[in-house]
Amino acid sequence: NAGVTQTPKFQVLKTGQSMTLQCAQDMNHEYMSWYRQDPGMGLRLIHYSVGAGITDQGEVPNGYNVSRSTTEDFPLRLLSAAPSQTSVYFCASTGLAGDGYFGPGTRLLVL
Amino acid sequence: KQEVTQIPAALSVPEGENLVLNCSFTDSAIYNLQWFRQDPGKGLTSLLLIQSSQREQTSGRLNASLDKSSGRSTLYIAASQPGDSATYLCAVGLTGNQFYFGTGTSLTVIP
Chain A
607 NAGVTQTPKF QVLKTGQSMT LQCAQDMNHE YMSWYRQDPG MGLRLIHYSV GAGITDQGEV
667 PNGYNVSRST TEDFPLRLLS AAPSQTSVYF CASTGLAGDG YFGPGTRLLV L
Chain B
18 KQEVTQIPAA LSVPEGENLV LNCSFTDSAI YNLQWFRQDP GKGLTSLLLI QSSQREQTSG
78 RLNASLDKSS GRSTLYIAAS QPGDSATYLC AVGLTGNQFY FGTGTSLTVI P
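So the sequences go chain by chain: A and B. Take 607 as the starting number for the first sequence in this note's numbering and just add one per residue. Take 18 as the starting number for the second sequence in this note's numbering and just add one per residue.
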């Protein structure tokens, strides 16, 4: 049982480039979400999904897209990277008790 | 919008001391509250989950309490050890899926 996995662990992008952050969970959780963590601001919700085929926006969705084609996978797409998107990104899944399980994070640097 | 505040932002204590970390939230209509530990450059490790109907949860040297009416939670760490040094995050859960995080308390336990 690997829990929540994320790839890559670290990525450097140039402004304007696009990329996809991968997230997968093997706990059969319906709820999955993406957060970004910035110094002094805590984790903020970007997008979330309540099940395959259903996604919705969180607190800071601009510049990001998500899709949920399977229960296991929830990729986050940066359409045109900007320096303001330099952050640490965490994917999470939520169990039936509302308990959150977080991946190890992806550290993104946009130059 | 739910606002979550953690006090103090940083705490330094000698080994063996008992300590209390505080978390306050503005909207008492919560689903649950979860305490996490985050080591530098790492992901989030769940410590304790308290459902909205519960008053406290215990795990080993850790005890978390919840007072929904006053919008407060505390994390009590008994007999602190250098290995407890980390950042502790409080997350308020809404609808069992979305979490609102505080900015954390950075704890240093001095041997």
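Quick reminder that beta carbons are idealized off the backbone N, C-alpha and C, glycines included.
Nearest to A/Ala626 by alpha carbon, out of A/Gly646, A/Met633, A/Leu717 and A/Ser686? First, the amino acid is wrong: residue 626 of chain A is Thr here, not Ala. Out of A/Gly646, A/Met633, A/Leu717 and A/Ser686, A/Ser686 has the C-alpha closest to the C-alpha of A/Thr626.
Partner residues on chain A for B/Ser63, Cβ-Cβ distance less than 9 Å: Asp705, Gly706, Tyr707 and Phe708
Considering only C-alpha positions, which residue in the set B/Gln51, B/Ala95 and B/Gly60 is nearest to B/Cys40? B/Gln51
Within 8 Å (strictly less), CB to CB, does B/Asn114 reach chain A? yes
Excluding the five sequence neighbours on either side, which residues of its own chain have a C-beta within less than 8 Å of the C-beta of B/Gly119, listed in chain order? Val21, Thr22, Gln23, Cys40, Leu106, Cys107 and Ala108
Buried or exposed, going by whether 16 or more other CB atoms sit within 10 Å of the CB of B/Leu83? buried
When DSSP labels each residue in this structure, what does B/Gly110 get in the three-state scheme? strand
Give me the residue from B/Ser70, B/Leu64 and B/Tyr117 with the minimum Cα distance to B/Thr43. B/Tyr117
B/Gly77 classed as buried or exposed, judged by whether at least 16 other C-beta atoms fall within 10 angstroms: exposed
B/Ser70: which of A/Ser690, A/Ser639, A/Gly704 and A/Pro681 sits nearest, CA to CA? A/Gly704
Contacts that A/Val656 makes with chain B (C-beta to C-beta distance below 8 Å): Asn114
By Cβ distance below 7 Å, which residues in the same chain neighbour A/Asn634 in space, the five residues on each side in sequence not counted? Thr677
Per-residue DSSP class, three states only, for A/Ser690: helix
For the region 643-654 of chain A, which residues have a CB atom closer than 8 Å to at least one CB atom of chain B, in sequence order? Gly646, Met647, Gly648, Leu649, Arg650, Leu651 and Tyr654
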